[in-house]
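Here the numbering used here is used: position 255 in the sequence shown is 292, and no number is missing along the way.
Note that beta-carbon positions come from the ideal geometry of N, C-alpha and C, so glycine has one too.
All values derive from a computational prediction rather than experimental measurement.
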Amino acid sequence: MKRNEIRRLPYIAAAVLLAATLPAWAMKDVNVAQYGARGNEHRDDTAAIQKALDEVMAAGGGRVFFPQGDYIITAPLKVKAPNSVTKSTEIRLALEGHGAGLSRLMLKDGDGLIHIQTPRNGMNVTVRDLSLMAGNPDAGTALSIVNPALGVRVERSALIERVTIEGIYRDSYFTKGIVLDGQWRALVRNVTVKGAQTESMDDESAMFAMKTGIEQNGFYGGRYVDCFVSHADTAYSWVAEQNGEGFVIIGSVADCCRVGAIISTPEQEPGGALYNSRIRARDSGLIIDHKRLLAVVGNTFEPLSEHGGYPYADVRMSNCWAIQINGNRFIGPAKNRAHVVVEGRGESKRYVIMPFSRYIQINDNEFVLPPEKAVAYEGEEIFAVYTDNNRVQGGGKK
Numbered sequence: 038m039k040r041n042e043i044r045r046l047p048y049i050a051a052a053v054l055l056a057a058t059l060p061a062w063a064m065k066d067v068n069v070a071q072y073g074a075r076g077n078e079h080r081d082d083t084a085a086i087q088k089a090l091d092e093v094m095a096a097g098g099g100r101v102f103f104p105q106g107d108y109i110i111t112a113p114l115k116v117k118a119p120n121s122v123t124k125s126t127e128i129r130l131a132l133e134g135h136g137a138g139l140s141r142l143m144l145k146d147g148d149g150l151i152h153i154q155t156p157r158n159g160m161n162v163t164v165r166d167l168s169l170m171a172g173n174p175d176a177g178t179a180l181s182i183v184n185p186a187l188g189v190r191v192e193r194s195a196l197i198e199r200v201t202i203e204g205i206y207r208d209s210y211f212t213k214g215i216v217l218d219g220q221w222r223a224l225v226r227n228v229t230v231k232g233a234q235t236e237s238m239d240d241e242s243a244m245f246a247m248k249t250g251i252e253q254n255g256f257y258g259g260r261y262v263d264c265f266v267s268h269a270d271t272a273y274s275w276v277a278e279q280n281g282e283g284f285v286i287i288g289s290v291a292d293c294c295r296v297g298a299i300i301s302t303p304e305q306e307p308g309g310a311l312y313n314s315r316i317r318a319r320d321s322g323l324i325i326d327h328k329r330l331l332a333v334v335g336n337t338f339e340p341l342s343e344h345g346g347y348p349y350a351d352v353r354m355s356n357c358w359a360i361q362i363n364g365n366r367f368i369g370p371a372k373n374r375a376h377v378v379v380e381g382r383g384e385s386k387r388y389v390i391m392p393f394s395r396y397i398q399i400n401d402n403e404f405v406l407p408p409e410k411a412v413a414y415e416g417e418e419i420f421a422v423y424t425d426n427n428r429v430q431g432g433g434k435k
């Protein structure tokens, strides 16, 4: 073998190894401009983008790229993985733009913007660097990713990052921002969701017309990291009708919402945490229903009403076990307020391991209310609640 051929062997081997390890979905990489999408805010790009999505899915997955531009959408963009493709391999689909605020999908008509569905376990979806915008009030769901119950997987089923969801106009909004159904370890990171921009906060106000900012159902694990949701009925929703285990919200914000976050499962599924986040809501900062082994640590809670005009609870829990509420800061008015409401009514949605609240730790918090008035109890099935070392703003400890 000649010397120059020997020198080329490591490069040949590396190329062979790269080809062998490169995900199959990375081989199909399309630009929506190839299919006639213009992104000039004047032409309807729905058909061109749908064609790009269809071709990528027919090839077994890939990446669809949106160059900088304003893409007019007049009907929902739909992706459905066929059974024939998911028999033995996973499908990966990536929707990527040039950046939030640069690549903008603008829904002018239609019920929802992007709907992704697979009938079997075996699809990974990435959505990043895009803006999804509603041109009308109550415009459906901006982004939905629906799977069957996925069970155990070695990787995330969904990754959504650097995405903004909002109205084109102040009074336009999506009915829901992001809906994730049946996801394993989904990660939502650096995502902003905004509803109709208004200052009124009464029950009929458009401030709460968007139902949820980000919601999950039938989930296992998952994280919301550095997210921002405002002007919604509920900012973050983890309400499982069937199963739902584990969640983490880190460094996120809920503002101008009726409820900051709700965590609810039919049975006392384990695991969950709300860390270092800020919640400003009208009725409830955090609702915890039928959960165990959950930590609420290092957060800031504040009523939306500056003068206590609405009854408000920072944290409300029902039939929960082993909950830690530690090291949080409660600010704003004291009127019409309870920092923590513990419910234990002996009731359950269906079979539940422990239909009562027990082993609740409320320690090392900074309260507005005196510690002896900060916690309210509702129902008789409440046991072992510990309140230690809590402070009142400006001094005082218990």
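Is residue i buried or exposed, if buried means 16 or more other CB atoms sit within 10 Å of its CB?
i: D425; result: exposed
i: F393; result: buried
i: E278; result: exposed
i: G297; result: buried
i: Q105; result: exposed
i: P408; result: buried
i: E417; result: exposed
i: G232; result: buried
i: N68; result: exposed
i: H79; result: exposed
i: N427; result: buried
i: I49; result: Legend: pLDDT at I49 = 42, less than 50; position of this residue unreliable, value from coordinates given subsequently. By the neighbour-count rule (16 or more Cβ atoms within 10 Å), I49 is not buried but exposed.
i: R207; result: exposed
i: S274; result: buried
i: E241; result: exposed
i: Y423; result: exposed
i: H344; result: exposed
i: G73; result: exposed
i: Q430; result: exposed
Please state if the CB of residue j and the CB of residue i are separated by a distance shorter than 9 Å.
i: D239; j: F265; result: no
i: A411; j: A375; result: yes
i: G177; j: D218; result: no
i: Y396; j: A413; result: no
i: I362; j: N400; result: yes
i: A197; j: V216; result: Ala is not the amino acid found at residue 197; the sequence shown has Ile there. Not a contact, by the Cβ cut-off of 9 Å.
i: D175; j: T235; result: no
i: R129; j: D107; result: no
i: F284; j: G258; result: yes
i: V230; j: M247; result: yes
i: V183; j: I153; result: yes
i: V225; j: V276; result: no
i: G76; j: F103; result: yes
i: R260; j: I299; result: no
How is the alpha helix (DSSP H) around residue i delimited, first residue to last?
i: P408; result: 408-411
i: I86; result: 83-95
Can you tell which of the options has its C-alpha closest to the C-alpha of residue i?
i: V334; options: P348, G288, H327, N173; result: G288
i: K145; options: D81, L180, S194; result: D81
i: E339; options: R329, G364, W275, F404; result: F404
i: A195; options: N184, L180, A223, Y210; result: A223
i: N173; options: H268, N184, M143; result: M143
i: C357; options: R329, V378, H344, N365; result: R329
i: T249; options: G98, D263, C294, A96; result: C294
i: Y349; options: N373, N402, E127, N336; result: N373
i: V290; options: P303, T271, A179; result: T271
i: R366; options: Y347, H344, H268, L406; result: L406
i: E192; options: A179, L167, V377, T163; result: T163
i: R100; options: E133, I419, Y347; result: E133
i: N402; options: L311, T337, V379, E415; result: T337
i: V116; options: G138, F103, L150, L139; result: L150
Which two residues bound the contiguous beta strand (DSSP E) that contains residue i?
i: T229; result: 224-231
i: S321; result: 315-334
i: Q361; result: 358-363
i: K213; result: 213-218
i: V200; result: 195-204
i: K117; result: 114-117
i: P340; result: 337-340
i: S181; result: 178-183
i: V378; result: 374-380
i: I368; result: No beta strand (DSSP E) contains I368, which DSSP labels as neither H nor E.
i: T249; result: 249-254
i: D470; result: Beyond the ends of the chain as shown, which are 38 and 435, falls residue 470; an answer cannot be given.
i: L142; result: 140-144
i: N400; result: 394-400
i: E133; result: 128-134
Under the assumption that residue i contacts residue j (Cβ atoms under 8 Å), give the Cβ distance between them as a whole number of angstroms.
i: S342; j: R319; result: 6 Å
i: V170; j: G136; result: At residue 170 the sequence reads Met, which differs from the Val that was named. Going by Cβ atoms, the distance from M170 to G136 rounds to 14 Å, so no, they are not a contact pair.
i: T155; j: A112; result: At roughly 21 Å, the Cβ-Cβ gap does not stay under 8 Å, so T155 and A112 are not in contact.
i: L331; j: I324; result: Not confirmed; about 12 Å, so no contact.
Should residue i be listed as close to the ligand FAD, given that the test is whether its C-beta is under 8 Å from any heavy atom?
i: V200; result: No copy of the ligand FAD occurs in the structure displayed, which carries no ligand at all.
Could you confirm whether any beta carbon from chain B is found closer than 9 Å to the beta carbon of residue i?
i: G322; result: Looking for chain B here will not work: only one protein chain is present.
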